[in-house]
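Each residue of the sequence shown is one higher than the one before, counting from 1 in full-length UniProt numbering.
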Amino acid sequence: MTLPWKTVLPPVAFGIGGLVLWQLLTVAAGVPSFLLPAPTAIATEFTENFDRIADAATATGTNALIGLLIGAVLGIVAAMLAVRFHLVDGLLSPLAAAAAAVPIVALAPLLNSMYSTTTDTPRRMVVTIVVFFPMFVSTARGLRQVPQVHTDLMTSYAAGGWQVTRTVRLPAALPYLFTGLRIAAPGAVIAAIIAEYFGGLQNGLGSRITSAAANTAYPRAWAYVVGAMLVGLLFLAAVLLLEQLTRRPRTTLWRSR
């Protein structure tokens with residue numbers, strides 16, 4: 001398998017060029033660190049505080065992962081119920097849209113006041129709510145895209161509604177499901193970080209960014225931001241890898257035929 005250099009090289013070259021330009025502008029123009037630290041200063045803080053950044057990234061990543069898994073499972077199950085029963089669809093669709101319309105900056109303090117701030121429960125609940133909507137919408141759309149002839153064929157074989165959903169609708173909805181996951185995975189990290197801005201345990205990336213900025217340690221704050229970016233990219237890469245693994249057996253089976 002050869003690397004698609006024409007696809008990889010342009011963004012890599014653009015990123016390197018952007019960093020070089022960033023460094024030149026901050027040094028030549030003498031931009032203060034509170035406005036924009038130089039990339040070299042951020043890299044120095046990142047290496048010197050790597051252990052602390054790793055610990056904070058682990059705490060934030062754990063909350064994001066748990067919320068992502070719970071929200072994804074709830075979204076998929078809710079979509080299956082909504083497609084199966086029209087009454088459930090009429091109830092869940094408005095509720096999912098309403099949950100998506102609630103801003104995190106309003107939801108996080110509310111959950112912190114409702115639950116103990118000495119646990120990660122409020123943050124995981126915020127992530128779950130944020131993840132639920134894209135997973136519900138994407139999966140429900142994919143479940144409805146199955147051609148009618150396929151469901152009619154299964155019905156002629158005396159298959160029940162749940163059998164049709166499990167054997168026909170759900171496999172056909174996988175591309176839509178992973179589309180929702182590609183949106184929800186980085187969103188879960190963002191939601192976990194924002195939820196940390198509103199009190200609670202001071203062990204995550206969001207609280208460390210706030211603390212470093214409050215102490216005017218701006219390069220260190222940007223180093224924690226870099227850590228947050230890496231966690232988000234790791235989540236997205238995991239989703240893309242999982243998507244490729246689910247596609248490979250179907251591709252192999254098709255070629256064998």
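Note that the Cβ used here is the ideal one computed from N, Cα and C, for glycine as well.
> Smallest Cα separation from Ala79: which of Ala13, Ser138, Ala38, Met229?
Replying inline: On the sequence shown, position 79 is the one that residue 79 refers to. For Ala79, the nearest C-alpha among the options comes from Ser138.
> Does the stretch 47-64 come close enough to the stretch 179-194 to have 3 or more Cβ pairs within less than 8 Å?
Replying inline: Touching, yes.
> Is Ala223 near Ala213, with beta carbons less than 8 Å apart?
Replying inline: Taking the first residue of the sequence shown as 1, we reach residue 223 at position 223. Taking the first residue of the sequence shown as 1, we reach residue 213 at position 213. Taking a C-beta distance under 8 Å as the contact criterion, Ala223 and Ala213 do not qualify as a contact pair.
>> Give me, in chain order, the residues of the same chain whose beta-carbon lies closer than 6 Å to that of Leu19; leave out the 5 immediate sequence neighbours on both sides.
In response: To locate residue 19, count along the sequence shown from 1; it is residue 19. If we look at Leu19 and ignore the five residues flanking it on each side, its Cβ neighbours are Pro39.
>> Could you check whether Tyr176 and Arg123 sit closer than 8 Å to each other, using their CB atoms as the reference points?
In response: Numbered from its first residue, the sequence shown carries residue 123 at position 123. Numbered from its first residue, the sequence shown carries residue 176 at position 176. No. Outside cutoff.
> Looking only at C-alpha atoms, which of Gln145, Pro219, Val131, Met229 sits nearest to Glu48?
Replying inline: Walking along the sequence shown from the start, residue 48 turns up at place 48. Of the candidates Gln145, Pro219, Val131, Met229, the one whose C-alpha sits nearest the C-alpha of Glu48 is Pro219.
> Going by alpha carbons, who is nearest to Val36 out of Gly75, Thr216, Val146?
Replying inline: Stepping through the sequence shown from its first residue, residue 36 is reached at position 36. As written in the sequence, residue 36 is Leu, which differs from the Val given in the question. Leu36 has its Cα closest to that of Thr216, out of Gly75, Thr216, Val146.
> Helix, strand or coil: which one does DSSP assign to Tyr115?
Replying inline: The count along the sequence shown starts at 1 and reaches residue 115 at position 115. Under the three-state reduction of DSSP output, Tyr115 falls in the coil class, being neither helix nor strand.
>> Please return the same chain residues whose Cβ sits closer than 6 Å to the Cβ of Asp89, not counting the five positions on each side in sequence.
In response: Taking the first residue of the sequence shown as 1, we reach residue 89 at position 89. Hits under 6 Å: Ala82.
>> Output needed for Gly67: all residues of its chain with C-beta closer than 8 Å, excluding positions within five of it in sequence on either side, in chain order.
In response: Taking the first residue of the sequence shown as position 1, residue 67 is located at position 67. Closer than 8 Å at Cβ, skipping near neighbours: Arg123, Arg124, Met125, Val126, Val127, Thr128, Val130, Val131, Ala188, Ala191, Ala192.
> What number of angstroms, rounded off, separates the C-alpha of Leu181 from the C-alpha of Ala28?
Replying inline: For the purposes of this step, residue 181 is taken as the residue at position 181 of the sequence shown. For the purposes of this step, residue 28 is taken as the residue at position 28 of the sequence shown. Near 42 Å, if we compare the C-alpha coordinates of Ala28 and Leu181.
>> Suppose you measure from the CA of Val226 to the CA of Ala41; what does that come to, to the nearest Å?
In response: Translated into the one-based positions of the sequence shown, residue 226 becomes position 226. Translated into the one-based positions of the sequence shown, residue 41 becomes position 41. Val226 and Ala41: Cα-Cα distance of roughly 12 Å.
> Is DSSP giving Leu36 helix, strand or coil here?
Replying inline: To locate residue 36, count along the sequence shown from 1; it is residue 36. In the structure shown, Leu36 adopts coil according to DSSP, grouped into three states.
>> Can you tell me whether Pro60 is helix, strand or coil according to DSSP?
In response: For this step, residue 60 is matched to residue 60 along the sequence shown. One detail in the question is off: residue 60 reads as Thr in this sequence, not Pro. Residue state, collapsed to three classes: helix.
>> For a cutoff of 8 Å on Cβ pairs, would you count Arg123 as touching chain D?
In response: In the structure shown, chain D cannot be found, because there is only a single protein chain.
>> According to DSSP, simplified to helix, strand and coil, what is Gly200?
In response: One-based indexing of the sequence shown puts residue 200 at position 200. Three-state DSSP puts Gly200 in coil, outside helix and strand.
> Does DSSP put Ala100 in a helix, a strand or coil?
Replying inline: Indexing the sequence shown from 1 puts residue 100 at position 100. When secondary structure is reduced to three states using DSSP, Ala100 falls in the helix class.
>> Quick check: the Cα distance between Pro109 and Gly204, rounded to an integer number of angstroms?
In response: Mapped onto the sequence shown, residue 109 falls at position 109. Mapped onto the sequence shown, residue 204 falls at position 204. When rounded, the distance between both Cα atoms is 16 Å.
> What residues in its chain sit with their C-beta under 8 Å from that of Ser33, if we drop five residues either side in the sequence?
Replying inline: Your numbering for residue 33 matches position 33 in the sequence shown. The residues are Ala41, Tyr218, Pro219.
> Quick one: what does DSSP say Val77 is sitting in, helix, strand or coil?
Replying inline: Position 77 of the sequence shown, counting from 1, holds the residue named residue 77. DSSP places Val77 in helix when its eight states are reduced to three.
>> Considering Cα atoms alone, identify which of Ile104, Phe235, Arg52 is closest to Ala184.
In response: The residue given as residue 184 occupies position 184 in the sequence shown. In terms of CA proximity to Ala184, Phe235 leads the group Ile104, Phe235, Arg52.
> Roughly how many angstroms separate the alpha carbons of Leu245 and Pro171, rounded to a whole number?
Replying inline: One-based indexing of the sequence shown puts residue 245 at position 245. One-based indexing of the sequence shown puts residue 171 at position 171. Taking the straight line joining both Cα atoms gives about 14 Å.
> Quick one: is Gly15 buried, meaning 16 or more other Cβ sit within 10 Å of its Cβ, or exposed?
Replying inline: Taking the first residue of the sequence shown as 1, we reach residue 15 at position 15. With a threshold of 16 other beta carbon atoms within 10 Å, Gly15 falls short and is exposed.
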